[in-house]
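If you use our numbering, the sequence shown corresponds to residues 6 to 365, in order.
Below is one structure, written out as structure tokens, with a few remarks after it.
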Amino acid sequence: WPEQAPITAPFSTFGNGTTERIPLLLPSSGLSPGNLEIRITAIDSDSGLSEINFQVPIETRPPSVNEAVLCLNGEVVMIENGTELVRGESMFLVVPVDEHRPILQVRPSLRQSGWSESLIQSSSITEGCPISPYMYSIDLPTDLIEGSASIVIILSDIDGLATGWTEEVRIVFPPPSILNVSTPNYGKVGEEVQIEFKVRDADDLNNVVCYIDVINKNSTILYLEQNPSLEGDILVKWTPSRPMDEVNITIICEDGMKRFDSWNSETPMNITGTILDKPPEIIEDEDIEQSSRSGILAIVIGLGIILLIISSLFVWTSRRENEIELSPWEIGGVLDATQVELNEHEELDPQDVVDLLRNE
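Following this line, the structure appears as structure tokens:
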């Protein structure tokens, strides 16, 4: 082989003119283009010798990718310029390789704005996907942003020959999806109605909010906002309070980037029954009643004591004022000369003086 050591392959033949097929020994790694020189030497039992030489031109070329494809849920999608890779969906990259010499390595990667993510080879083959030893799983990491990206495949063989393949794709963040909505066709007044559905978001369910709107003749009778569980489940319970016809349900689920999915009921729901006005139940409790009576009794006693104190103060004040207004004659005291005022124009009756002295 070009620029390689000679290789000898001995064989035996009967020499009766039959055609012999001798396997050609393959070259080692590092083959370069040139001429393959083949020399055949035949020696018989009498040491007779015959020899022939000829050359075969040798060309080398790197391996190549025929048509890389995506396998999604068993369906094959050709990779073209602008092919969408949806975040959160499990996809497989199938690489058909045209190899001329044994392949040393195949390195596929997903690249965006100077950032590169190597794809991991898949050990299992999904049903419906092409069979190839070069199959790789594509799980879009959270570091990617929505927009343009590229799939790059680098191949090399044992001779050191390498080639590359690239195709522009588009990273897409999908909106939430409303799945498996379960609503009854009818309901009854006073009986619980359940609205159940599932939400799927390939990005992250933590930022998803669902708005549930129950409408009757263009009037909203129930409006709720709920976040799905970790599994994406939402259950709404509602008890109608009156009969209604043509009740429709609208569901809108929105993520943090304002992408949304909506669902509207196709068949209106009817609520039957009558309104039952029940008086509120009065719960009698002996402890509460006894406590109330004790409290009222204490209040009455307190008010009585306050009234007694006020009456006593009023009586004492009245007596005090009467004592101050009485003259010394009325209380048996000694008449002071200063306490007697005589009118200059009025004459004193002698009999009054006598009576005054007697009383004194």
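Virtual Cβ for every residue (Gly too), placed ideally from N, Cα, C.
Note that this is a predicted model, so its numbers are computed, not measured.
Alpha carbon of residue i to alpha carbon of residue j, nearest angstrom
i, j, result
"Gln344", "Leu318", "The predicted model places Gln344 with a pLDDT of 47, which falls under 50 and marks its position as unreliable; any figure quoted below should be read in that light. Computed Cα separation, rounded: 31 Å."
"Leu98", "Ile130", "11 Å"
"Gly192", "Ala207", "35 Å"
"Gly20", "Thr13", "20 Å"
"Met96", "Cys76", "6 Å"
"Ser118", "Ile63", "41 Å"
"Gly53", "Pro15", "16 Å"
"Val194", "Glu94", "44 Å"
"Asp250", "Met274", "7 Å"
"Pro248", "Thr225", "15 Å"
"Val370", "Lys263", "No answer is possible for residue 370: it lies beyond the span of the chain, which begins at 6 and ends at 365."
"Asn40", "Trp120", "44 Å"
"Arg44", "Val81", "50 Å"
"Leu227", "Ser114", "50 Å"
"Ser142", "Pro101", "15 Å"
"Ser17", "Ser33", "25 Å"
"Met140", "Thr46", "47 Å"
"Ile256", "Ser246", "22 Å"
"Glu104", "Ser69", "7 Å"
"Thr134", "Asn71", "Residue identity differs from the one stated: residue 134 is Cys in this sequence, not Thr. Their Cα atoms are separated by approximately 16 Å."
"Thr147", "Glu122", "11 Å"
"Pro138", "Ser127", "9 Å"
"Glu56", "Ile136", "47 Å"
"Ile280", "Glu197", "15 Å"
"Trp3", "Ile315", "In this structure the chain extends from 6 to 365, so residue 3 is not present and cannot be described."
"Lys203", "Gly237", "5 Å"
"Asp312", "Val305", "Sequence check: residue 312 is Leu here, not Asp. Looking at the two C-alpha atoms, the distance is approximately 11 Å."
"Gln9", "Glu25", "25 Å"
"Met83", "Ile125", "20 Å"
"Ser50", "Val61", "31 Å"
Limits of the beta strand (DSSP E) - the one that residue i falls within
i, result
"Cys76", "74 to 77"
"Asp250", "249 to 259"
"Arg175", "167 to 177"
"Gln9", "Note, Gln9: premise wrong, no beta strand (DSSP E); not H, not E."
"Met140", "140 to 143"
"Lys222", "Note, Lys222: premise wrong, no beta strand (DSSP E); not H, not E."
"Ile280", "Looking at the DSSP string, Ile280 is not in any beta strand (DSSP E), and its letter there is neither H nor E."
"Met96", "96 to 99"
"Thr88", "88 to 91"
"Asn190", "Run containing Asn190: none; DSSP gives neither H nor E here."
"Glu80", "80 to 83"
"Pro233", "Where Pro233 is concerned, there is no enclosing beta strand (DSSP E), given that its DSSP letter is neither H nor E."
"Asn269", "265 to 269"
"Ile158", "152 to 162"
"Pro113", "108 to 117"
"Leu240", "238 to 243"
"Ser123", "120 to 123"
Assigned secondary structure, residue i (DSSP; H/G/I helix, E/B strand, else coil)
i, result
"Ala207", "coil"
"Val198", "strand"
"Leu41", "strand"
"Val305", "helix"
"Pro333", "Its pLDDT being 49, under 50, Pro333 is placed unreliably by the model, and nothing is read from it."
"Glu25", "coil"
"Thr18", "coil"
"Ser33", "coil"
"Val320", "helix"
"Ile370", "The structure shown does not extend to residue 370, since the chain spans only 6 to 365, so no value can be given for it."
"Asn58", "strand"
"Asn71", "coil"
Distance between beta carbons of residue j and residue i, contact taken as under 8 Å
i, j, result
"Ala167", "Pro67", "6 Å"
"Asn212", "Asp260", "5 Å"
"Asn86", "Glu172", "7 Å"
"Val252", "Asn221", "5 Å"
"Leu36", "Thr65", "6 Å"
"Ala73", "Trp170", "7 Å"
"Asp164", "Arg106", "5 Å"
"Gln231", "Ile217", "7 Å"
"Ser155", "Arg116", "5 Å"
beta-carbon residue i near the ligand MG non-hydrogen atom, thresh 7 Å
i, result
"Trp243", "The ligand MG is not among the ligands present in this structure, which contains no ligands whatsoever."
Review point. Does the pairing of the stretch 166 to 183 with the stretch 75 to 91 give three or more beta-carbon distances under 8 Å?
Key: Contact between the stretch 166 to 183 and the stretch 75 to 91 is present, because at least three Cβ pairs lie under 8 Å.
Review point. So does the stretch 236 to 243 actually touch the stretch 154 to 171, counting three or more Cβ pairs closer than 8 Å?
Key: Two segments are said to touch when three or more pairs of C-beta atoms, one from each, lie closer than 8 Å; by this definition the stretch 236 to 243 does not touch the stretch 154 to 171.
Exercise for review: Please confirm if the stretch 270 to 277 is in contact with the stretch 183 to 202, defined as three or more CB-CB distances below 8 Å between the two stretches.
Suggested key: Yes, they touch.
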